[in-house]
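Q: In this note's numbering, the protein residues as written are 742 to 1414.
Backbone N, C-alpha and C fix where the C-beta goes; we use that ideal spot for every residue, glycine too.
A quick note: this is a predicted structure, and the numbers were derived from the prediction, not measured.
One structure coming up, written as structure tokens, with questions to follow.
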Ligand code: GAL
């Protein structure tokens, strides 16, 4: 970590006295002073030490263009600091006031269909609007000037969930900005024509002025154009973030800066984004109706830890109980909020925060749960909040601790964007679904996993897994080849290494360095019929399980076929191949094995790579090591018994365990030898 970042992160940690941050969004502009007083009293009672202040306060902070009304915020910050509570101070730029839309209608975003969105909700801004950017910088600057020295200020919270509702704008201003972006990428129009393959369908451009964003068109748009527009849109929002960050940093160079991410969020390339901030923070709203939502949540937690190379991150938002924005919103049952909070801490979070502190009485989120619900402090939710505050206090010693991993899963936003373009052999191969299919066996086996981009230095990992690295540059493919040649173990799925950065198919349909690495030649993709699966057999013809989603006709050139398609059009052809390179090994999966078989493959691959699990636990029970602490988390609804194989003491309640820990349904223990 660069020194300046270390120092700024140190500022936050000092403000919190080395404790885990605990709190939520606090919007004092929505409440009377009497309520503020009750708020800080209850915050203290619950052990809250950090609150995100007024993330949507813009119209209260700047009621008229250029006229700032910051006194109330000063009073609110004083109220916090008097109570010993710190502020994660929002720049409040995620919901522009009505006057911006009136004075600058061009600041409103336009959809791909040409519809200009209206004010009246939030996030109604075009990322390339000059007026919007200038107004955000002015507000951020005014806040930094006024509160830069305030004793409550611990960290800046820039904007809120960039791209959540409007991840791209197709207006004329963005069209111009897109052309500028393309000019710097391709220099001249010939370069763009070559990169986009515009001789196809007569799409050749004579000048940049003719290029537009991929707006609604009669039929499938140019894939390279769509891909570049994704990159441009992520960069455009990042430029909004950077403009505000630069302004607060100019005034307050010692205060760390973050903006809240949204887990596995496709529109923004979080690798690029994380480099621009001091601390990664994330908002986690797992779907309670999904199958095993905690596994997707764990994957997102691991991504957040990985984005800045293992540095602790902040769980900036989660719901204490129900949300209000899915069609059906059951509450989190007792214990679940604690379980998922401590799971985030186990996976590297140094902050557990919520949306929001006090439940709104009005507006679109009045049915969203809050730390203080409408029912007030005499409620299940507030009691669970207080208990969690107590737990986190007991875990103070863990801040800054690392979660070491020997396995990494490759994730590239370029590959994700490319994979999910239209006009592919199937639209059923989705990145998050594939990531989860490969992640799950490691979660089940308590093997910690990092995520890395494909061009990263992977030499520290024993095993690297690449689900659908559809788009890969020649350079990244060669690095993967070098990784295996140097003794690394690589597992890659079908429909990887297919195109280069311009969406142009690699020669032979598989990046040459990867063809060499796996010792295979691809002949024809063979996605399965929608309801079909295909039986798989080992070399002796014994049935092993089934493949779903995909198959392909491939040839082994310099590898062994370890699994074959057992019936159907590809009977006897390789479904899984392996090539050993001395200590290294490259395994290619030409189908998606059923979950059990995937578990066997990845489990065996981990063993051959010398990866050892943290602990063996009953199904649905998670074990994670962070620093010297062992977290055991029971995601089932039954009591479980875990063999920890040593004498350990609970950091949460000082209970001593002699080799065996019993956990209640949704129970957690954090242990140390
Ligand atoms: C987040 C957002 C919050 C709040 C929350 C509700 O996406 O950042 O402001 O809307 O969702 O779940």
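Less than 8 Å separating the beta-carbons of residue 1342 and residue 1354?
A: Going by C-beta atoms, residue 1342 is not nearer than 8 Å to residue 1354.
Q: Using CA atoms only, rank isn't needed, just tell me which of 925, 895, 804 and 857 is closest to residue 759.
A: Of 925, 895, 804 and 857, the residue nearest in Cα terms is 895.
Q: Nearer than 7 Å: is that true of the beta carbon of residue 1066 relative to any heavy atom of the ligand GAL?
A: Flag set: Cβ of residue 1066 near the ligand GAL.
Q: What is the rounded straight-line gap between the Cα of residue 1160 and the Cα of residue 927?
A: The straight-line gap from Cα to Cα measures roughly 23 Å.
Q: Would you say the beta carbon of residue 1026 is closer than 7 Å to some non-hydrogen atom of the ligand GAL?
A: Checking every heavy atom of the ligand GAL against the Cβ of residue 1026, one is found closer than 7 Å.
Q: If you reduce the DSSP assignment to three classes, tell me which class residue 1149 lands in.
A: Here residue 1149 sits in strand by DSSP.
Q: Which term fits residue 742, buried or exposed, when burial requires 16 or more other beta carbons within 10 angstroms of its beta carbon?
A: Per the 10 Å Cβ criterion, exposed.
Q: Which residue from 1127, 1223 and 1346 puts its Cα closest to that of residue 1257?
A: Cα-wise, what sits closest to residue 1257 is 1223.
Q: Could you tell me which of 1298, 1064, 937 and 942 sits nearest to residue 949, measuring between CA atoms?
A: Cα-wise, what sits closest to residue 949 is 937.
Q: Measuring only the C-alpha atoms, how far is residue 1064 from residue 814?
A: Approximately 27 Å, taken between the alpha carbons.
Q: Is it true that the CB of residue 1022 sits closer than 8 Å to the CB of residue 1057?
A: Yes, the pair counts as a contact, with Cβ atoms nearer than the cut-off.
Q: Any chance you could list the beta strand (DSSP E) runs of at least 3 consecutive residues sitting entirely within the segment 1222 to 1279, in chain order?
A: Counting only runs of 3 or more, we get 1230 to 1234, 1261 to 1266 and 1274 to 1279.
Q: Could you tell me which of 1138, 1099 and 1132 sits nearest to residue 1120, measuring between CA atoms?
A: Residue 1120 has its Cα closest to that of 1099, out of 1138, 1099 and 1132.
Q: With distances taken Cα to Cα, identify the nearest neighbour of residue 747 among 1274, 1052 and 1348.
A: Of 1274, 1052 and 1348, the residue nearest in Cα terms is 1052.
Q: At the level of alpha carbons, what is the spacing between residue 691 and residue 1164?
A: Limits of the chain in this structure are 742 at one end and 1414 at the other, which puts residue 691 out of reach.
Q: Would you say residue 1047 and residue 1193 are within 8 Å of each other, going by their C-beta atoms?
A: Yes, the Cβ-Cβ distance between residue 1047 and residue 1193 is below 8 Å.
Q: Where does the unbroken beta strand (DSSP E) through residue 1057 begin, and where does it stop?
A: Note, residue 1057: beta strand (DSSP E), 1054 to 1059.
Q: Kindly indicate which residue of 1260, 1263, 883 and 1331 has the alpha-carbon position closest to the one of residue 1288.
A: Taking only the C-alpha atoms, the option nearest residue 1288 is 1331.
Q: Considering only residues of the segment 871 to 896, which uninterrupted beta strand (DSSP E) runs meet the minimum length of 3 residues and lie entirely inside it, listed in chain order?
A: Qualifying beta strand (DSSP E) stretches: none in this window.
Q: Buried or exposed for residue 782, going by 16 or more other Cβ atoms inside 10 Å?
A: Answer is exposed; the Cβ neighbour count stays below 16.
Q: Cutting at 7 Å between CB atoms, please list the residues of its own chain near residue 789, excluding the five before and the five after it.
A: The answer, listed in chain order, is 763, 764, 826 and 1130.
Q: Quick one: residues in its chain with C-beta nearer than 6 Å to the C-beta of residue 1156, no 5 flanking neighbours on either side, listed in chain order?
A: 1210, 1211 and 1212, listed in sequence order.
Q: Using the Cα positions of residue 756 and residue 1118, report the straight-line distance between them to the nearest angstrom.
A: Computed Cα separation, rounded: 27 Å.
Q: May I have the straight-line CA-CA distance separating residue 1362 from residue 1377, to the nearest angstrom?
A: The straight-line gap from Cα to Cα measures roughly 7 Å.
Q: With a CB to CB cut of under 8 Å and the five nearest residues on each side skipped, what residues in its chain are close to residue 1360?
A: Taken in chain order, the residues that qualify are 1185 and 1377.
Q: Do residue 836 and residue 799 come within 8 Å of each other at the CB atom, strictly closer than that value?
A: Going by C-beta atoms, residue 799 is nearer than 8 Å to residue 836.
Q: In its own chain, which residues sit with a C-beta less than 6 Å from the C-beta of residue 1404, not counting the 5 before and 5 after it?
A: If we look at residue 1404 and ignore the five residues flanking it on each side, its Cβ neighbours are 1375 and 1381.
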